[in-house]
Structure formats: C-alpha cells, structure tokens
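Notes follow the structure.
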Amino acid sequence: MSRRLLKAAEAIREVVASTILTEVRDPRIKDVTVIGVQVSPDMREAKVSVSVMGNENQQQLAIRGLQNSAGFLQSKIANRIEARYTPKLTFTLDKGLQNALVVSELLNKIKQEKTGNELPTELESGEIAEPIENTEVSEDSRSPESDSQP
Numbered sequence: 011m012s013r014r015l016l017k018a019a020e021a022i023r024e025v026v027a028s029t030i031l032t033e034v035r036d037p038r039i040k041d042v043t044v045i046g047v048q049v050s051p052d053m054r055e056a057k058v059s060v061s062v063m064g065n066e067n068q069q070q071l072a073i074r075g076l077q078n079s080a081g082f083l084q085s086k087i088a089n090r091i092e093a094r095y096t097p098k099l100t101f102t103l104d105k106g107l108q109n110a111l112v113v114s115e116l117l118n119k120i121k122q123e124k125t126g127n128e129l130p131t132e133l134e135s136g137e138i139a140e141p142i143e144n145t146e147v148s149e150d151s152r153s154p155e156s157d158s159q160p
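Going by the numbering used here, the sequence shown opens with residue 11, and the numbers climb by one from there.
Below is the structure:
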C-alpha cells in the first residue's frame, strides 16, 4: 500500500473510532474497538475491522448497528478529511483477539501438562500415558565441546 493510502486509512480509523466513542448513540454499539482500516486504491471503499467484547449475539448486534450508522460515520469522515471521495464503509468483525486468547489458553494447558499438574492423558490405544520425569544432565554426560566454552 502506498504511503498516501496508509495515511488515509489511519485518518479514517481515528475519525471512526472517536465518533463511535463520543457521538454514536445506538445502544447496540458498545464495547467496540476499531482495530484497523483497509482502503481501496481509488479510496471509494474502506473496510473497517472492529473487535467487540461479548458473546456472538452481542457481536452481531454491534456489527448491524455499525452498518446502520455507516452513513453518519461517512458524513463525519467527509467533514474532517479532505479527499475527492468519501469512502463507503463496510464493517468486519476481527477475531484476532479472541484467537489470541484461545492460543494463550492452549499454551497454558500444555505448560500445565508438561509440569505434571494435569492428570495423565489417554493415548490413542487407550493406555494411560505416564508423566515424563524431568531428567537432569550430569556433569559426566556433557559433551567434550561444551567443556571448551566458558
């Protein structure tokens, strides 16, 4: 993306985020964070990625509320940004934060399993796996190359 488009996308993101926070009165639009904006090369369309805290129903309500408020938001963009065209806004739900939370939970679960805090897991054959003991390397079993390093 060109520098001009990046600047336009950032300006649109700022206008949309501040307008949602201070001027939009739709009760469906709450706990919304504007993540980013992608502008088409001709600047006639802008795709606004938002994150909504809440369950799936609240997220869908917020997206519908944003789509209904798109005209109002476009008028605010037209007032604050000087451009030949005011981009048509479309809103998409960004699930990056939710995916990050799922990955974090999985990593914590794996960490607990490795430290032996979890119950043994079942293998595919139906046997129960024994937790792996933490084995330490003795001084005698070190390789000769490691002796030369400080």
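For glycine and all other residues, C-beta sits at the position ideal for the given N, C-alpha and C.
Check A139 in the structure and name its three-state DSSP category.
The residue you call residue 139 lines up with position 129 of the sequence shown. Confidence at A139 is low in this model, with a pLDDT of 47, below 50, so its placement is unreliable and the value that follows should be read with caution. In the structure shown, A139 sits in coil (DSSP, three-state: anything other than H, G, I, E or B).
Measure the Cβ-Cβ separation of D36 and G64 and say whether it is below 8 Å.
Numbered from 1 along the sequence shown, position 26 holds the residue referred to as residue 36. Numbered from 1 along the sequence shown, position 54 holds the residue referred to as residue 64. It is not a contact, given that the beta carbons lie outside the stated cut-off.
Within its chain, find whatever has a CB closer than 6 Å to the CB of G46; leave out the 5 residues flanking it on each side and keep chain order.
For the purposes of this step, residue 46 is identified with residue 36 of the sequence shown, where counting begins at 1. Hits under 6 Å: S59.
Classify L31: buried if its beta carbon has 16 or more other beta carbons within 10 angstroms, exposed otherwise.
Residue 31 sits at position 21 when you count from the first residue of the sequence shown. That one is exposed.
CA-CA distance, E134 and N118?
Your numbering for residue 134 matches position 124 in the sequence shown. Your numbering for residue 118 matches position 108 in the sequence shown. Unreliable placement is indicated for E134, whose pLDDT of 48 sits below 50; the coordinate value is still reported in the next sentence. One C-alpha to the other measures close to 23 Å.
What is the residue span of the beta strand (DSSP E) that T125 lies within?
Sequence index remark: in the sequence shown, residue 125 carries index 115 (1-based). No beta strand (DSSP E) contains T125, which is instead part of the alpha helix (DSSP H) from 106 to 125.
Apply the 10 Å Cβ neighbour rule to A93 and answer buried if 16 or more other Cβ atoms are within range, or exposed otherwise.
One-based indexing of the sequence shown puts residue 93 at position 83. Its Cβ having fewer than 16 others within 10 Å, A93 is exposed.
Buried or exposed, going by whether 16 or more other CB atoms sit within 10 Å of the CB of L76?
In the sequence shown, counting from the first residue as 1, residue 76 sits at position 66. Buried is the call here.
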